[in-house]
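These notes concern the structure reproduced below.
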Amino acid sequence: MPDNRNRKRPIQVKFFVDEKEQALIKKKMEHAGIENMSAYIRKMVIDGYVVKLDMPELRELTLRMKSISNSENQIAKRVNSTGNIYETDIEEIKKNQEEIYEGIRKILTSLSKIE
C-alpha cells in the first residue's frame with residue numbers, strides 16, 4: 028500500500044457507479060470545464076455545485092492589463108533614464124487606469140447578476 032502521509036489529501040474515498048452514471052458525470056465535468064474527476068466530485072460533494080465562470084470580459088481585461096503594464100514599464104524606463112516625466116506620460120497612465128477601472132466595473136456588474 029502506498030504511503031499517503033505526504034499527500035495533501037491522504038484519505039482515499041471510493042464509490043461505485045454504473046456506465047450511465049459515469050457518462051453523466053463526465054458530461055457534467057465537460058460542461059463545467061473540469062478535467063480532474065477527483066476535483067469535480069470533491070467540489071460537488073462538499074459544496075453541492077460547481078460554478079463555471081466563463082467571462083470573456085475577464086480574459087480581455089487580463090490581456091489589456093498586460094499591455095498597460097508593458098506600456099507603463101516603458102514610461103518608467105524613460106523616466107529613469109532621462110529624469111523627466113512628460114504630460115503625455117501622465118495622461119497615458121490616467122487613461123490606462125480608467126480602462127482598468129471600466130473593465131473591473133463591467134465584470135463586477137456581470138457578477139452581481141449571477142444568482
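Take the sequence shown: its letter number 83 is residue 110 in this note's numbering, and every next letter is one higher.
Ideal Cβ placement from N, Cα and C applies to all residues, glycine included.
When C-alpha distances from Glu114 are compared across Ile102, Glu125, Asn107, the shortest belongs to Ile102.
Under the three-pair Cβ rule at 8 Å, the segment 72-80 does not count as touching the segment 93-109. The criterion of a C-beta distance shorter than 7 Å is satisfied by Tyr67 and Met56. Between Glu84 and Ile134, the C-beta spacing is below 7 Å.
Annotation: Glu46 to Tyr128 spans about 49 Å, alpha carbon to alpha carbon.
If you look at Leu51, you'll find it in the alpha helix (DSSP H) that goes 46-59. Straight across, the Cα-Cα distance linking Ile52 with Phe43 is about 12 Å. Distance from the CA of Arg69 to the CA of Gly110, rounded to the nearest whole angstrom, comes to 55 Å. Around the C-beta of Leu88, 16 or more other C-beta atoms lie within 10 Å, and the residue is accordingly described as buried.
In the displayed model, Leu80 falls within coil according to three-state DSSP, outside both helix and strand.
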